[in-house]
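If you count the sequence shown from 1, position 34 lands on 34 in the UniProt record's numbering, and the numbers rise without skipping. Cβ coordinates follow ideal geometry from the N, Cα and C atoms, glycine included. Here the structure is a predicted model, which means the values were calculated and not measured.
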Amino acid sequence: MDADGNGTDPDDSEARAHSALDDPRGTREEIMQATYRALCDHGYADLTIQRIGDRFAKSKSLLYHHYDGKDELLLDFLSFMLEEFERTIDADPGDDPAAHFESMLDHVLAPDLPDDRREFGAAMVELRAQAAHDARYRAEFTRHDRFFRDRIARAVRAGVERGAFRSVDPDRVAAFVFTVIGGVRTHRPTSDIDDVAVVRAELGRYLDAVLSPDGGGISP
Numbered sequence: 001m002d003a004d005g006n007g008t009d010p011d012d013s014e015a016r017a018h019s020a021l022d023d024p025r026g027t028r029e030e031i032m033q034a035t036y037r038a039l040c041d042h043g044y045a046d047l048t049i050q051r052i053g054d055r056f057a058k059s060k061s062l063l064y065h066h067y068d069g070k071d072e073l074l075l076d077f078l079s080f081m082l083e084e085f086e087r088t089i090d091a092d093p094g095d096d097p098a099a100h101f102e103s104m105l106d107h108v109l110a111p112d113l114p115d116d117r118r119e120f121g122a123a124m125v126e127l128r129a130q131a132a133h134d135a136r137y138r139a140e141f142t143r144h145d146r147f148f149r150d151r152i153a154r155a156v157r158a159g160v161e162r163g164a165f166r167s168v169d170p171d172r173v174a175a176f177v178f179t180v181i182g183g184v185r186t187h188r189p190t191s192d193i194d195d196v197a198v199v200r201a202e203l204g205r206y207l208d209a210v211l212s213p214d215g216g217g218i219s220p
């Protein structure tokens, strides 16, 4: 069974969304913080309940009270972390859907990340690797991927409806953009080659050609 605890406001900014890891409220968030720190320090392969407990301010017995073992805890942690990321993606395009879309891309493809976001990304790569052979992890990431693709498609659709973008298939554009972003999110924590700024610039050139009403006519 899951631990009890208070969640964060789903309409908050990224800084607030990550506050559950920095300033947890309630037992569940404290367990999530301890799990996050242990995972960042030891990686998935060497992570144990004992090492999570070493970073948990309360009694280790609470971990076993709320979770049957490491796998159940990590699956709850994965769900928690994905929800934290999803809270940073604003669904409202506002009065300027083109600027909203650019802001979304700049957020996820920022060339320079603070340490907390780098650690967050590394933790996600560690957990995503488990989806290759564990259907439970695959189900969580599939749900998240659909959510993220839908957010991209919504942003494109809003731009089309308001005349900011050419008439395109939002789902096709979202599939391409999502795949590029996914590559960066996996590449960045696992390689010393830093070409995020180049990828962001080239993606911008592609989108300008595809979406701009005066674009070069690339068929999406």
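Short Cβ contact (8 Å threshold) for residue i with residue j
{"i": "P97", "j": "A158", "result": "yes"}
{"i": "V173", "j": "V210", "result": "yes"}
{"i": "F147", "j": "V156", "result": "no"}
{"i": "V196", "j": "L109", "result": "yes"}
{"i": "E126", "j": "G69", "result": "no"}
{"i": "S79", "j": "E140", "result": "yes"}
Alpha carbon of residue i to alpha carbon of residue j, nearest angstrom
{"i": "D145", "j": "H100", "result": "20 Å"}
{"i": "S167", "j": "I181", "result": "23 Å"}
{"i": "D76", "j": "M32", "result": "8 Å"}
{"i": "E119", "j": "S191", "result": "14 Å"}
{"i": "P213", "j": "R162", "result": "12 Å"}
{"i": "S59", "j": "P24", "result": "16 Å"}
{"i": "V177", "j": "D150", "result": "11 Å"}
{"i": "E29", "j": "E102", "result": "32 Å"}
{"i": "M124", "j": "I89", "result": "16 Å"}
{"i": "A20", "j": "Y137", "result": "22 Å"}
{"i": "A122", "j": "A129", "result": "11 Å"}
The alpha helix (DSSP H) enclosing residue i, as first and last residue numbers
{"i": "G53", "result": "I49 to D54"}
{"i": "P24", "result": "Counting along the chain, P24 falls outside any alpha helix (DSSP H), and DSSP gives it neither H nor E."}
{"i": "D145", "result": "A135 to E161"}
{"i": "D92", "result": "No alpha helix (DSSP H) holds D92; DSSP gives it neither H nor E."}
{"i": "L211", "result": "V196 to L211"}
Neighbour flag for residue i against chain C, beta carbons, 8 Å
{"i": "L63", "result": "Among the protein chains of the structure shown there is no chain C, as only one such chain exists."}
Counted within 10 angstroms of its Cβ, other Cβ atoms place residue i as buried (16 or more) or exposed
{"i": "A15", "result": "Residue placement at A15 is poorly supported in this model, since its pLDDT is 40, which falls under 50; the coordinates still yield a value, given next. Per the 10 Å Cβ criterion, exposed."}
{"i": "Y64", "result": "exposed"}
{"i": "I52", "result": "buried"}
{"i": "R205", "result": "exposed"}
{"i": "A135", "result": "exposed"}
{"i": "T35", "result": "buried"}
{"i": "A38", "result": "buried"}
{"i": "R143", "result": "exposed"}
{"i": "I152", "result": "buried"}
{"i": "E202", "result": "exposed"}
{"i": "P170", "result": "buried"}
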